[in-house]
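Here the protein sequences come in this chain order: A and B.
Going by our numbering, the residue at position 272 of the first sequence is 272; the numbering climbs one at a time, nothing skipped.
Going by our numbering, the residue at position 33 of the second sequence is 33; the numbering climbs one at a time, nothing skipped.
From the three backbone atoms N, C-alpha and C, an ideal C-beta is built for every residue, glycine too.
All of these numbers come straight from a predicted model, not from anything done at the bench.
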Amino acid sequence: MKYDHDVIVIGGGPSGSTFARIAAGAGMDVLIIDKRKEIGVPVRCGEGLGEREVIKQDLELPKRCYSTEIEGAKVVAPNGKSIVWKGPETTGWVLERKIFDKWLCELAVEKGAHVKVYTRAIEVLKDEKGRPNGVKVSHGGREPHDINAPLIVSAEGMEALMARQMGFKTVHQLYDVDTCYEYEMKPYDHENLIELYFGNEMAPRGYVWIFPKADKKANVGIGVGGNVENGEKQSGIKGANPKVLLDRFIEKNEQLKDASTLLDFGGVISVGAPINEFVKDNCMAIGTGAKQVDPIHGGGIALAMESAVMAADVVLKAHEKKDYSKDSLYEYEKTWRAGPGKKVAKRLLLRKVMEKVSDDDLNYIFNTITDDDLKQTMDGNFACPVAKVVAGRPQLLGILSGLLSK
Amino acid sequence: MIRLLRILYLNVTPRNEICLKFLLVKLQAGEFSMITIKHDGCILCVGCSSVCPMNAIEVVGTRMEHFPEKCIDCGLCVRGCPANVIKLHKGVKDLKDIPKEER
Ligand SMILES: Cc1cc2nc3c(=O)[nH]c(=O)nc-3n(C[C@H](O)[C@H](O)[C@H](O)COP(=O)(O)OP(=O)(O)OC[C@H]3O[C@@H](n4cnc5c(N)ncnc54)[C@H](O)[C@@H]3O)c2cc1C
Ligand code: SF4
Ligand code: SF4
Numbered sequence: 001m002k003y004d005h006d007v008i009v010i011g012g013g014p015s016g017s018t019f020a021r022i023a024a025g026a027g028m029d030v031l032i033i034d035k036r037k038e039i040g041v042p043v044r045c046g047e048g049l050g051e052r053e054v055i056k057q058d059l060e061l062p063k064r065c066y067s068t069e070i071e072g073a074k075v076v077a078p079n080g081k082s083i084v085w086k087g088p089e090t091t092g093w094v095l096e097r098k099i100f101d102k103w104l105c106e107l108a109v110e111k112g113a114h115v116k117v118y119t120r121a122i123e124v125l126k127d128e129k130g131r132p133n134g135v136k137v138s139h140g141g142r143e144p145h146d147i148n149a150p151l152i153v154s155a156e157g158m159e160a161l162m163a164r165q166m167g168f169k170t171v172h173q174l175y176d177v178d179t180c181y182e183y184e185m186k187p188y189d190h191e192n193l194i195e196l197y198f199g200n201e202m203a204p205r206g207y208v209w210i211f212p213k214a215d216k217k218a219n220v221g222i223g224v225g226g227n228v229e230n231g232e233k234q235s236g237i238k239g240a241n242p243k244v245l246l247d248r249f250i251e252k253n254e255q256l257k258d259a260s261t262l263l264d265f266g267g268v269i270s271v272g273a274p275i276n277e278f279v280k281d282n283c284m285a286i287g288t289g290a291k292q293v294d295p296i297h298g299g300g301i302a303l304a305m306e307s308a309v310m311a312a313d314v315v316l317k318a319h320e321k322k323d324y325s326k327d328s329l330y331e332y333e334k335t336w337r338a339g340p341g342k343k344v345a346k347r348l349l350l351r352k353v354m355e356k357v358s359d360d361d362l363n364y365i366f367n368t369i370t371d372d373d374l375k376q377t378m379d380g381n382f383a384c385p386v387a388k389v390v391a392g393r394p395q396l397l398g399i400l401s402g403l404l405s406k
Numbered sequence: 001m002i003r004l005l006r007i008l009y010l011n012v013t014p015r016n017e018i019c020l021k022f023l024l025v026k027l028q029a030g031e032f033s034m035i036t037i038k039h040d041g042c043i044l045c046v047g048c049s050s051v052c053p054m055n056a057i058e059v060v061g062t063r064m065e066h067f068p069e070k071c072i073d074c075g076l077c078v079r080g081c082p083a084n085v086i087k088l089h090k091g092v093k094d095l096k097d098i099p100k101e102e103r
């Protein structure tokens, strides 16, 4: 069979562009298709990114891609007590996703990748053995046509409908997603810290974030558990209503009360476990489409780029052998699960334990632990912080022991 | 009835247990619902399609489109929608029975 391209990447987000940059850089013929009319638009993200992750890939982030540099994080307990955590782990940027995504995609184009926007994949084409060998696309709603390639990479983000057709289990359960709402607001005075507010009443099973941006702007957003039932939704169905909760938070915040809203949007982000397999014959899933998202804070840009690098390295080897079978691609899954996968699993454990902790206990925990304990917790070393908390409040042992058993 | 058969046909290999469960409930009750999306308020976040077990909501062009023939009326999309613009009309068999302003 004659193929149009070596690989088709569905989705031009951070994962798709990163993958294409590396694959095209090594001489592969890569096509990115994205259903959006413009890469990066509309933005649906809090835009926070830790510095280390991008540096890992030897990329120099140009000034126009970010709005502010971040020095640390401020974590606020339900009673208002806060812990400020500054260190090399917490430096980063609040991006301009619109420009950032486009920049990443341009890098791929510079390496020789082809990009088609406003082009939606509507069907995965398969050969007689059921292995994907192309996609049916519709450009701007026009008559669909086929594009063929021996490898299809799904970098589709949350929706991942094509990945479903390839047989990946990308349907999200409500329990494992956070529904989010966010405003860009102005004016907001900040100290170059990202601020995270916790509380079961304010943001059940989630948090409110304030990510500062240049010119006194800030992304103010909320994520709440998809399965919480504290509000009335349409048709009398009970469910989380992030917009209402966010409005409530803003009303109570001295600074934000009178600030104006410049942008208003929402979204859903996975906070559960990654999908059970990332590769199949002639196809693979990377980034948020494979549910590779941090279960604690819902950050997915760094993980998406990291997994794209791993996947691209393996694909290059497979391309040399012209062998795109599952076995040949499996190395990507293996590397991911041995690396970032371990961290994500620990964060998931932490998320599941923390959602059982009441506001009062949360206040107590914040009173007891230091910024160093916070760092250890985020690194996955739970023993020391848990010991500290349980020493003063033994009744928490039942809940927190879940962190120690593994 | 035709819709029921179509749903059954599309579900010969149910994608997960939830679908089966809802399908059974539906069969027993013989009751249908309709999903509507208020497109004005929709922010195109694809939250609904990411939680829909049946691929019954998709972006088509520049708006979300719901495909009743695939839908099993589980209501997950209603709960997943951050903008709260999806409505489940219980016991309604036809779009025509829903007042225009609610569609
Ligand atoms: C409200 C909110 C706040 C967030 N805040 C942060 C944050 O502060 N920090 C952070 O790191 N992460 C954050 N995230 C997560 C982050 O946005 C994602 O993890 C990240 O964008 C994932 O990148 P990706 O490349 O995997 O997918 P995406 O960036 O989602 O890209 C997928 C692309 O695929 C395209 N596509 C999908 N289906 C098709 C198809 N059939 N045909 C053609 N194209 C298709 C889409 O148009 C899209 O452009 C947030 C998410 C939400 C919802
Ligand atoms: S009710 Fe919503 S989530 Fe459930 S099948 Fe129908 S469209 Fe999908
Ligand atoms: S979840 Fe709601 S707001 Fe988001 S795309 Fe679906 S209908 Fe629109």
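Val-344 (chain A) carries a helical assignment under DSSP once its states are collapsed to helix, strand and coil. For Tyr-181 (chain A), the enclosing beta strand (DSSP E) stretches over residues 177 to 186.
With a beta-carbon spacing of about 36 Å, Lys-388 (chain A) and Asn-276 (chain A) fall beyond the 8 Å limit used to define contacts. Distances between the C-beta of Met-64 (chain B) and the heavy atoms of ligand 3 include at least one below 6 Å.
Counting along the chain, no alpha helix (DSSP H) covers Ala-113 (chain A), and no H or E run does either.
At a threshold of 6 Å, Ala-383 (chain A) does not count as near ligand 3, since its beta carbon sits no closer than that to any of the ligand's heavy atoms. Residues of the region 64 to 79 of chain B with a C-beta atom less than 7 Å from some C-beta of chain A are Gly-75, Leu-76, Val-78 and Arg-79, listed in chain order. Across the set A:Asp-34, A:Leu-374, A:Phe-211 and A:Pro-204, the C-alpha of A:Pro-204 shows the shortest separation from the C-alpha of Gly-231 (chain A). Short of 7 Å from the beta carbon of Leu-396 (chain A), and not among the five residues preceding or following it, lie these beta carbons of its own chain, in chain order: Asp-361, Val-389 and Val-390. The C-alpha of Phe-100 (chain A) is placed about 25 Å away from the C-alpha of Ala-163 (chain A). By the neighbour-count criterion, in which 16 or more other beta carbons inside 10 Å mark a residue as buried, Thr-90 (chain A) falls on the buried side.
Ligand 1 never approaches Glu-110 (chain A) closely enough for any of its heavy atoms to be under 6 Å from the residue's Cβ. Under the 7 Å criterion on CB atoms, Lys-291 (chain A) is classed as non-interfacial with respect to chain B.
Restricting attention to A:Trp-93, A:Ala-77 and A:Gly-223, the CA atom closest to the CA of Glu-71 (chain A) is found in A:Trp-93. Contact with chain A is found for Ile-43 (chain B), since one of that chain's Cβ atoms lies less than 7 Å from the residue's Cβ. Residue environment analysis places Met-54 (chain B) among the buried positions, since at least 16 neighbouring C-beta atoms fall within 10 angstroms of its C-beta. Exposed is the label assigned to His-145 (chain A), since fewer than 16 other Cβ atoms lie within 10 Å of its Cβ.
Beta-bridge pairing by DSSP links Met-284 (chain A) to A:Val-153 and A:Val-279. Within the same chain, Cβ atoms closer than 7 Å to the Cβ of Glu-38 (chain A) are found at Val-117, the five residues on either side in sequence being excluded.
Between Pro-42 (chain A) and Ile-301 (chain A), the C-beta gap is not smaller than 7 Å, which leaves the two residues out of contact. At a cut-off of 7 Å between C-beta atoms, Ala-83 (chain B) counts as an interface residue with respect to chain A. Counted as a single uninterrupted DSSP element, the alpha helix (DSSP H) harbouring Leu-403 (chain A) occupies residues 397 to 404. Residue environment analysis places Met-1 (chain A) among the exposed positions, since fewer than 16 neighbouring C-beta atoms fall within 10 angstroms of its C-beta. The continuous alpha helix (DSSP H) containing Thr-18 (chain A) extends over residues 14 to 25. Under the Cβ criterion of 7 Å, Val-92 (chain B) is not counted among the residues facing chain A. Measuring C-alpha to C-alpha distances from Lys-233 (chain A) to each of B:Lys-90, B:Pro-82 and B:Gly-91 identifies B:Pro-82 as the nearest. The same chain holds no residue with a CB closer than 6 Å to that of Pro-68 (chain B) once the five nearest residues on each side in sequence are set aside. Neighbours of His-172 (chain A) in chain B, taken as residues whose beta carbon is under 7 Å from its own, are Ser-50 and Val-51 in chain order. In this structure, the CA atom of Leu-107 (chain A) is about 13 Å from the CA atom of Ala-26 (chain A). Remark: the C-beta of Ala-160 (chain A) is outside contact range of ligand 3, defined as less than 6 Å to any heavy atom.
Counting only residues of its own chain and dropping the five nearest sequence neighbours on each side, Ala-318 (chain A) has a CB closer than 7 Å to the CB of Tyr-324, Ser-328 and Leu-329.
With respect to Ile-194 (chain A), Gly-402 (chain A) sits apart: the two C-beta atoms are not nearer than 7 Å. Assigned with DSSP and collapsed to three states, Val-390 (chain A) falls in helix. The alpha carbon of Gly-267 (chain A) has as its nearest neighbour, out of B:Ile-86, B:Gly-47 and B:Val-92, the alpha carbon of B:Gly-47.
Around the beta carbon of Gln-292 (chain A), 16 or more other beta carbons sit within 10 angstroms, so the residue counts as buried.
Comparing alpha carbon positions, the residue from A:Ser-270, A:Gly-157 and A:Ala-24 closest to Gly-40 (chain A) is A:Gly-157.
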